[in-house]
Amino acid sequence: FQNPVGLAAGLDKNGDYIDALGSLGFGFIEIGTVTPRPQPGNPKPRLFRLPEAEAIINRMGFNNKGVDYLIEQVKKRRYQGVLGINIGKNFDTPIEKAVDDYLYCLQKVYPEADYITVNISSPNTPGLRALQHGELLKSLINRLKSEQFVLREQYDRYVPVALKIAPDLDAQEIQEMAAIFNELKIDALIATNTTSSRDGVERLSHSQEQGGLSGRPIFKSSTEIMHAFRQQLDPKIPVIGVGGISSAEDAREKFSAGADLVQIYSGLIYLGPNLIKKIIKEI
25 FQNPVGLAAG
35 LDKNGDYIDA
45 LGSLGFGFIE
55 IGTVTPRPQP
65 GNPKPRLFRL
75 PEAEAIINRM
85 GFNNKGVDYL
95 IEQVKKRRYQ
105 GVLGINIGKN
115 FDTPIEKAVD
125 DYLYCLQKVY
135 PEADYITVNI
145 SSPNTPGLRA
155 LQHGELLKSL
165 INRLKSEQFV
175 LREQYDRYVP
185 VALKIAPDLD
195 AQEIQEMAAI
205 FNELKIDALI
215 ATNTTSSRDG
225 VERLSHSQEQ
235 GGLSGRPIFK
245 SSTEIMHAFR
255 QQLDPKIPVI
265 GVGGISSAED
275 AREKFSAGAD
285 LVQIYSGLIY
295 LGPNLIKKII
305 KEI
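Heads up: the sequence shown begins at 25 in my numbering, then just goes up one per residue.
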């Protein structure tokens, strides 16, 4: 990594803007979330700005052009930096068959990605967050790790697989998930996705719209969740901190709480691309 400040998934869902985004100074870029088949996502309107709070609510619903399209875009890139690809399941794939969607995407993106993120934490795909718990989580990770081993032999390169988790977890859930992550030796953790909570924005326009809240209001909760995982995870498992970063001070706080790398997205929307270099310079 040229620097520890990356772009979070969701801005470039299809890999259409890799070179443009790569010129902004990011240490790494994560594209997606991509699904096996193209899908339109949820009906519009599906994205709402809460400018008073520097926040965004979205219920996009994994709108994307499908993994085959994304791979074609990735193959055309000139960008030579670290590229992550975030994978998900199609909206109409039942939760008990979700693993098949993740395996399909894993196989497709493996030869092109520097790391792969398994998104099991979007609040906008019904039932998806069930994959964060118990036997469903164990089964998912086991199947992914088995396929990763096969793909490593096939392509003669090891591509790390990260899991992206939600901020809406209690202490018991964090403890149980961390134990599974340690037991099954995941490669990395990304903490966190958007939140279903509306703490701090309850009275603002659009606050009651359904979807995931991102931006400044989730900084505290996402950092606390990340810190709780960092304390319980094997020290060898790197953690990427994301959620509400809008200054170098925010980034430093994520690092102090245990992040090895950080990602930004909503802060970029409100403060512009200068934010990237400002954070890199000041940390």
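Where is the CB? At the ideal position from N, CA and C, for every residue including glycine.
Can the beta-carbon of E171 be found less than 8 Å from the beta-carbon of G108? Their beta carbons are not under 8 Å apart, which means E171 does not touch G108 by this criterion.
Limits of the unbroken beta strand (DSSP E) element including D86: One point to set straight first is that residue 86 is Phe, not Asp, in the sequence displayed. Segment: none, F86 is in no beta strand (DSSP E) and carries neither H nor E.
So is A252 buried or exposed if we call it buried at 16+ other beta carbons inside 10 Å? By the 10 Å Cβ count, A252 comes out buried.
Every unbroken beta strand (DSSP E) inside the stretch 171-201 [3 residues or more]: Every beta strand (DSSP E) of 3 residues or more that sits fully in the stretch 171-201 is shown, in chain order, as 185-189.
Burial state of N166, where buried means 16 or more other Cβ atoms lie within 10 Å: Counting Cβ neighbours within 10 Å, N166 comes out exposed, since fewer than 16 surround it.
So, are the CB atoms of L152 and I140 less than 8 Å apart? no
Where does Y139 sit, in a helix, a strand or coil, going by DSSP? strand
So for G46, helix, strand or coil by DSSP? helix
What does a CB cutoff of less than 7 Å around A137 pick up in its chain, not counting 5 residues either side in sequence? L107, G108, I109 and V183
Do H230 and L74 have their C-beta atoms within less than 8 Å of each other? yes
For T213, list the residues DSSP reports as bridge partners. Per the sequence shown, the amino acid found at residue 213 is Leu instead of Thr. Among the bridge pairs identified by DSSP, L213 is matched with L187 and V263.
Span of the beta strand (DSSP E) holding Q26? It is not in any beta strand (DSSP E) - Q26 carries neither H nor E in the DSSP assignment.
Would you kindly report the start and end of the unbroken alpha helix (DSSP H) that includes F72? Careful: F72 lies outside any alpha helix (DSSP H), inside the beta strand (DSSP E) at L71 to L74.
Output the distance between the C-alpha atoms of R83 and P67, rounded to the nearest integer angstrom. 9 Å
Are the CB atoms of I300 and F50 within a distance shorter than 8 Å? In terms of Cβ geometry, F50 and I300 form a close pair [threshold 8 Å].
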